[in-house]
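Protein chains in written order, with our numbering: chain A, 183 to 509; chain B, 55 to 375; chain C, 0 to 413.
Don't be surprised by glycine CBs; every beta carbon is placed ideally from N, CA and C.
Bear in mind that the values here come from a model prediction, so they are computed numbers and not experimental data.
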Amino acid sequence: MVEASATGNSLENIQHGFKSMITSRMLENKLSALYKAGKIVGGVYLGKGQEAISAALGTVLQKGQDVYAPLIRDQAGRTAFGEELLDVTRTYLGKVTGPMKGRDGNIHRGRPTEGMPAMISHLGASLSYIAGMLFARRMRGDLGDSIGAATFGDGATSTGAFHEGLNLAAVEKLPMIILVVNNCFAYSTPNDRQFACANLVSRAEGYGIAGHHVDGTDFLKCMETMEAAAQAARNGGGPQLVVADVLRLCGHGEHDDAKYIPQEMWDQSRDCIDVAEAQMLANNFLTQEQIDSIKSDAKARVQEAVAIAQREPTPDPRQDDWKALGS
Amino acid sequence: MSITYIEAIHQAQKELLTEVPEVFIYGQDVGSFGGAFKATQGLSDEFPDRVVDSPISEDAMAGMVIGAAVEGARPILEMQFADFSSVAFNQIVNQAATHYYRTGVQVPLTVRLPSGGTPGSGPFHSQNMESLYAHYPGLVVVTPATVADAYGMLKEAVMMDNPVIYCEHKFLYRWLRTDELKYNALPIGQARIVRPGKHATVVTYSAMVHEAVKAAEMLSSDGWEIEVVDLRSVKPIDLDTIMASVARTGRLLALGESYPWGGVTAEVVSQVVAEGFHLLDAPPMRLNSKDTPVPYHPDLWAAHRPTPESIIVSLKHLLRL
Amino acid sequence: MPQVAITMPQLGESIAEATIVKFLVQPGDTVEVDQEVIEVETNKATMGVTTLCGGVITQFQVEAGTSYAVGTQLGLIEATEEEIEATGVTPLGAAPEAEEEVPELIEKTLSHGDNPAIAQQSQMDLTDSIAIEPSVHGLPVPVGTKGASYLSPRMRARMDELGLRAADISAIQGSGAGGRVTIEDLEEFLVSIEDWPKSKASPMRLAVADAMRRSWTRPLATVGMPVVLDKVLAHRKEQNPKPGLTLYILRAFALALKEDPTSAGYLIGENIVHPKAFDIGVAVQVPDGVVVPVIRNADSKTVPQLSAEYAELVDKARERKLGKETFEKGIATVTNFGTFGLVSGTPIPLPNETLILGLGAGVKKPVWSDEANAFVPVTTCELVLTFDHRVVDGGGAGMLLQKVRDYLQQPWML
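Here's what the structure looks like:
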């Protein structure tokens, strides 16, 4: 048994993180089903197996204060940070009511003025963007306790943008968490074709920043590591590189059956949701009844968000103003 | 007392830093060193937190100022040379340019690109990037040709809520001077008729405006009256002024210092032909640099870019057609 | 109950179709929402197609082992109204939502800023003069551009606006490049004729002008030959009513052309287009113009047979009572300018015809006769033939005229 405080988190935070994982999994299962029913134009990219670390980051960040640039597999983090389910379903279903109005889709959604930039497909690009947001606050003198975070995969660490951005953030000593979720495959490319160091966390030293390494399937460890990183960043410790090891429990997108993942890797893997559920019960953070109720509630909310979005209009090309410049 | 083109840029930045607290300048060596071309000389003494040296990371520099602009700042990003902005291309065209259309949130960012050739600068310190950036939706691209425009358009660019690519010409930095800095307040998006004429129109921008004016003066001794239009901003492009000029003269030479394939001059010709074929007395012509990288040796360089002499050759040909 | 479609999904960005591997449920089975019901395979992966709502599978409309395009309806689920409501899906046949009124797109027009201002002059030195070639070359000045022969797009646009043709401004010498007529030249010319007296050209005049202008785009040449008319005139006297002299010429022309139809052909591209019938027109002077009604199949009817038809046609033409079809599809024309006392001329064929045969006024001449051993009076006239020199040469034109002349010496054959 561990006390919630032993992880550096309140019980409420741990429950919030867990609930976000469950909601995210329910939502992504639904998105996958909608995709396989031909309802979604464009790709569906899921974060199965990465919910624990993602939700931990989303939980330790404060919406309205901190800024967070999620990436492709961060539904849990987005949900934990406070993204509305309707933003997700409306964007995936291409509805004009969504935050992107049908002009961009799936995971490219965001609300930049509410602390969540909308990612572009070019990996590594969000690191310097978050750095700039923090820089502007510091220049203005209202940085306060706020921190920023950006997520990357093992593949993104190979881009020039990632290196340039991380170095810039380090030079400016910005209060940032740079989360690298190593899920073993960049699309189909395994780690040994992506980088040559033993562990990506060793890079922290080269940039002159703090590094943290965590098993991304262990929810409580994720919460503990992420809270520690957030505290360090808030307390002037500069950028914090967090590397979490997981296995992606799905294809790159739902069009990909991930046959390139060897069977033994599947056999050795564990689902962070199962781990988290056991941890919640073992530590009396939640009862089985509470977990069941979280699940049925999540399922109902997902179904409702889908049903509402289904009935809403798609964008009308005759009504779009077709303007790329604001006034 | 006179003021040069680069001094006008310096002056505009100084005033912006003084008057607008959201403004900051970011770039390589812009701090105490004062920038490779001294456009920020002394500014970091006065504004130490707002004139900031960056690492040599054009991609991250651009990403950083985009994030800052979304947070309400009005950054000026100085690329040391326009050529190096190719490293930041992704952030500029995919992050900044798409931002408003995708999210509804504007990016009030100005990227200063020291552009164009000077003798001896060679392939990587001489390029003109305006055509590339103008190709992308979501960017304003300006190309000031005069000291007054260098000053006024920079101030206007920084106060715009859209991302602006500000192409300043290095060749004009110290050659071009004016006695008094007065801004004529012609807004971005409007072209200027620099020299009225009636036999042919030269549509051009940036440093080529001066080469065109020289060519026009040399031709005037033969009785030719050449009208010169300075686009000022290549995007948005002021088709009205171009059309009105071509309607007066019936002949068009689109002149630019950048490479000949596609680009601003091709756009000018295609728009005039599409909308004003009936105005033309002769096939419209283009004159650009040669289709090679910008050469290093001054003799090669001088032959690579349009000069008053080559403009005259083109104009004489055009006037015979 | 509402029916909901099971649809072939888009299984990857470049995937256009997928093959049905097997059905995981059967018609009649009850299914849940999001249940996988069909296994499909693409060249990238194997996937399950899911349901959009729960219900009963009523049918599958596809077969295993076969490939179907993305978007194909694969089967149907019968669902309850409650299920439709809960999932938000649109059942088949549901009425589409009423079209909203679309506001018209408003085009923003940039205002034209008229701010001519002389910019700062630079103080750059000129680079040393070196050999320069223009990096682009325009089209060369077209050959023969002097005067109104080559018109720029701007000149054409201005002339269209004024309703002018190149021929109308032939008076202008042209001061532009290569002697071309410029807009300024044109405007000057128009001003110069402003105070001259003018009258409106009639539609007939304009129609003739248009036909002649079009015809004149071709290289036309004219040849002439005297013919003795006495035999024709004698034959004519024996007829009742007496046929017109022009009709004899027309008939002789038709028979001559029948022997050599290619001389009446038109050159189009690389082909000579041959006449389909020997329909010959006759020029009839009317007030302020000329009309050319056509005698059909002039090769197959004799002069006496044609006489009444011809007289009626000419009368009606003068009274302007002929329909449009009467003037169409002639292959050549006969014109008797002799009726105006003219002994010779160079008529211009219609733009759609290659040939025109002209007939001068008859002249009595003394001609030596061996038989009578004395000069005897004969009536002659000049026959002229204008032809498109692209199709017919001088020799061919001469031979055609000889044939006409020979027929005229045997009027009983006409």
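Residue j beta carbon less than 7 Å from that of residue i
i        : j        : result
B:Arg286 : B:Arg246 : yes
C:Val32  : C:Gly53  : yes
C:Thr332 : C:Ile355 : yes
B:Gly170 : B:Glu311 : yes
B:Ser378 : B:Ser108 : Residue 378 of chain B lies beyond the residue range present for chain B, which begins at 55 and ends at 375; the question has no answer from this structure.
B:Lys252 : B:Glu279 : yes
B:Val161 : B:Ala150 : yes
B:Lys289 : B:Val195 : yes
A:Gly330 : A:Met358 : yes
C:Ala316 : C:Ile279 : no
A:Ile391 : A:Gly420 : yes
A:Tyr311 : A:Ala352 : no
C:His388 : C:Pro218 : yes
Secondary structure of residue i, DSSP reduced to three states
i        : result
C:Asp387 : strand
B:Thr295 : helix
C:Ala31  : Reading off the sequence shown, one finds Glu at residue 31 of chain C, where the question assumed Ala. Coil.
B:Asp284 : strand
C:Ser110 : With a pLDDT of only 31 at C:Ser110, under the threshold of 50, the placement of this residue in the model should not be trusted; the figure read from the coordinates follows. Reduced to three states, the DSSP call for C:Ser110 is coil.
C:Leu407 : helix
A:Phe367 : strand
B:Ala356 : helix
C:Met46  : strand
B:Pro168 : strand
B:His351 : coil
A:Cys454 : helix
C:Met0   : coil
C:Met7   : coil
C:Asp392 : coil
A:Gly342 : helix
B:Phe331 : helix
Proximity to residue i [Cα-Cα], best of the options
i        : options                                   : result
C:Pro1   : C:Ala44, C:Ala78, C:Glu12 and C:Ile37     : C:Ala78
B:Val256 : B:Gly206, B:Leu369 and B:Leu334           : B:Leu369
A:Pro444 : A:Glu436, A:Cys432 and A:Cys454           : A:Cys432
B:Ser274 : B:Leu208, B:Pro362, B:Thr319 and B:Ala328 : B:Pro362
B:Ile60  : B:Asp83, B:Gly89 and B:Glu73              : B:Gly89
B:Asn148 : B:Met272, B:Asp284 and B:Gly192           : B:Gly192
C:Ile19  : C:Val391, C:Glu62 and C:Asn42             : C:Glu62
C:Lys241 : C:His388, C:Ala307, C:Lys364 and C:Leu73  : C:Ala307
C:Gly340 : C:Ile330, C:Gly357 and C:Ile347           : C:Gly357
C:Leu402 : C:Val283, C:Glu311, C:Leu246 and C:Val226 : The sequence as given places Lys at residue 402 of chain C; Leu does not occur at that position. Residue C:Val226 is the option with its Cα nearest to C:Lys402.
A:Ala414 : A:Asp438, A:Ile476, A:His394 and A:Ser384 : A:His394
Buried/exposed call for residue i, threshold 16 Cβ in 10 Å
i        : result
A:Gly240 : buried
A:Met315 : buried
A:Met183 : exposed
A:Arg207 : buried
B:Ile110 : exposed
A:Gln232 : buried
C:Val375 : exposed
C:Ile192 : exposed
B:Arg166 : buried
C:Trp411 : exposed
A:Asn365 : buried
B:Pro241 : exposed
C:Ala371 : exposed
B:Ser56  : exposed
B:Asp123 : According to the sequence provided, residue 123 of chain B is Ala. The question's Asp does not apply to it. The residue is buried, with at least 16 neighbouring Cβ atoms inside 10 Å.
Cβ of residue i within 7 Å of any chain F Cβ
i       : result
B:Thr94 : Going by chain labels, chain F is absent from the structure shown, which instead holds the protein chains A, B and C.
Residues within the stretch 8-32 of chain C neighbouring chain A, beta-carbon criterion of under 8 Å: Only Pro8, Gln9, Leu10, Gly11, Glu12, Ile14 and Val32 from the stretch 8-32 of chain C bring a Cβ to less than 8 Å from some Cβ of chain A.
Near-chain A residues of the stretch 109-120 of chain B - C-beta to any C-beta below 7 Å: Those residues of the stretch 109-120 of chain B that come within reach of chain A (Cβ to Cβ, closer than 7 Å) are Pro109, Ser111, Asp113, Ala114, Gly117, Met118, Val119 and Ile120.
Near-chain B residues of the stretch 315-342 of chain A - C-beta to any C-beta below 7 Å: Within the stretch 315-342 of chain A, the residues whose Cβ lies closer than 7 Å to any Cβ of chain B are, in chain order, Met315, Phe317, Ala318, Arg319, Met321 and Gly342.
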